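If you read the sequence shown in the UniProt record's numbering, its first letter stands for residue 1, the second for the next number, and so on.
Where is the CB? At the ideal position from N, CA and C, for every residue including glycine.
All values derive from a computational prediction rather than experimental measurement.
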Amino acid sequence: MKAETEMKAETEMKAETEMKAETEMKAETEMKAETEMKAKTSTKTAMR
């Protein structure tokens, strides 16, 4: 029983960590894309 409980806890922790990492990566990618888009827009405006 103890081993089963520990395995379950480990699996849940792993899933949580992976979800968190995925969310952070996604947020980072979106922020980066947004920043690049803004930079391109301001460059276009400056070139006119």
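Backbone secondary structure at residue i - three-state DSSP
i: Met25; result: helix
i: Met19; result: helix
i: Met37; result: helix
i: Met1; result: coil
For residue j and residue i, the rounded distance between their alpha carbons
i: Glu12; j: Ala33; result: 31 Å
i: Met31; j: Ser42; result: 16 Å
i: Glu28; j: Ala15; result: 20 Å
i: Lys40; j: Glu18; result: 33 Å
i: Lys8; j: Lys20; result: 18 Å
i: Thr35; j: Glu10; result: 37 Å
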